[in-house]
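Below: the structure, in C-alpha cells.
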Amino acid sequence: MKLKSVITISIVLIAMFIISCSNDNSNANDAGTMDADAVKNAVINGDGQISYYFDTDKEETLEYAGFVFNFNADGSLSATDGNTALSGAWSRTVADNSTDDLSDDDVDFNILFATPAKFEKLSDDWEIKTYSANKIELIDVSGGNGGTDLLTFEKI
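When we follow the numbering used here, the leftmost residue of the sequence shown carries the number 41, and every step to the right adds one.
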C-alpha cells in the first residue's frame, strides 16, 4: 500500500513538472495570458464540486456526487468526499493555433488524476467554454473517436 502511494505521488509530481514547463515565446498573446491568470484566480478561491459531467455519450455527474475539489495556487488538486482523499494536478496554458482546440489563442485547463479510473477520465487538456468567479465550464473534443466531453465545476 505504501509503495502504491509513493508511485501515485511520484506520477503526480512528474506530471506537474511536465505541465509547468513552458515555451518562452515573445509572440505570446497578452490577452491570452491575462485570461489564463484570471482563470487561475477564479478557480483557486474556494472549494468546488462537479455540477455536470457528460462523457461522450452519457451523463456521469452522479459518479462524483459528494466530492469536494480544491484547486491550489501551486498546481496541486485535491478531491475528497470525507472518506476518500485523492491528489492530482491542474494547470492552465495558453494554446495558440493548436489543432486540438476549437479556437486559436485560447486558454486550456489541464487536469490530471493518476487514480482511480473514474477520476482518470477527468484527466485531459480541457478547453474553457466559460468561466466566472463561481463556475467554470469545460469541453473536450476527442481526437480519437470525435466524442465530446463536457465538465462543469461550481463553487460551493
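Cβ coordinates follow ideal geometry from the N, Cα and C atoms, glycine included.
Per DSSP, K161 lies in no alpha helix (DSSP H) segment and is marked neither H nor E. Spatial neighbours of N110 in its own chain (CB-CB distance under 6 Å, excluding positions within 5 residues in sequence) are listed in chain order as D87, S118. DSSP, reduced to helix, strand and coil, places A113 outside both helices and strands of the structure shown, so it counts as coil. S91 and L191 have their C-alpha atoms some 8 Å from each other. If you draw a 10 Å sphere on the C-beta of I151, you find 16 or more other C-beta atoms in it, and that means buried. Under the three-state reduction of DSSP output, I90 falls in the strand class. Per the C-alpha coordinates, the member of F153, E167, D121 positioned closest to A76 is E167.
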